[in-house]
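Note that our numbering has the sequence shown beginning at 1439, numbered continuously upward.
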Amino acid sequence: MRECFVCGKLYEGGRETTCSDACHGELIKLLGAKFGEFKKVVDQTTGIAYRVPTRDIIEKGIKWRDLDRYPRWETGARG
1439 MRECFVCGKL YEGGRETTCS DACHGELIKL LGAKFGEFKK VVDQTTGIAY
1489 RVPTRDIIEK GIKWRDLDRY PRWETGARG
């Protein structure tokens, strides 16, 4: 049995950290508030920075080949 990160309820299987879609959505909101809605991710081979939603990083993970799907990070932009 796992304990839900958001509500503390015990649950079996399914998601890694939350018991339901509602708790997952709440976790995304909490992490977005803590870390910012967007993160600056730099492609190490080109040095180009991209503006990637924190939600995508959490839910999908990001691979270098996916970065060109996101807008470039503009100087002075904040997450």
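Glycine is no exception: its CB is placed at the ideal position from the N, C-alpha and C atoms. Quantities reported herein were computed from a predicted structural model and do not represent experimental measurements.
Element boundaries [beta strand (DSSP E), containing ARG1489]: The residue given as residue 1489 occupies position 51 in the sequence shown. 1487-1491 is the span of the beta strand (DSSP E), which, as asked, contains ARG1489.
In this structure, does DSSP put LYS1447 in helix, strand or coil? For this step, residue 1447 is matched to residue 9 along the sequence shown. LYS1447 carries a coil assignment under DSSP once its states are collapsed to helix, strand and coil.
Do MET1439 and GLU1450 come within 7 angstroms of each other at the CB atom, strictly closer than that value? Counted from its first residue, the sequence shown places residue 1450 at position 12. Counted from its first residue, the sequence shown places residue 1439 at position 1. Yes, they are a contact pair.
Under 7 angstroms, do PRO1386 and PHE1476 count as touching if we go by C-beta distance? There is no way to answer for residue 1386, as the model of the chain reaches only from 1439 to 1517.
Residues that LYS1478 bridges to, as DSSP identifies them: Within the sequence shown, numbered from 1, the residue matching residue 1478 stands at position 40. Partner(s): ARG1489.
Who are ARG1510's beta bridge partners in DSSP? Taking the sequence shown and counting its residues from 1, the one referred to as residue 1510 is at position 72. According to DSSP, which records beta bridges pairwise, ARG1510 is partnered with TYR1488.
How would you call CYS1445, buried or exposed, if buried means at least 16 neighbouring beta carbons within 10 angstroms? Taking the sequence shown and counting its residues from 1, one reaches residue 1445 at position 7. That one is exposed.
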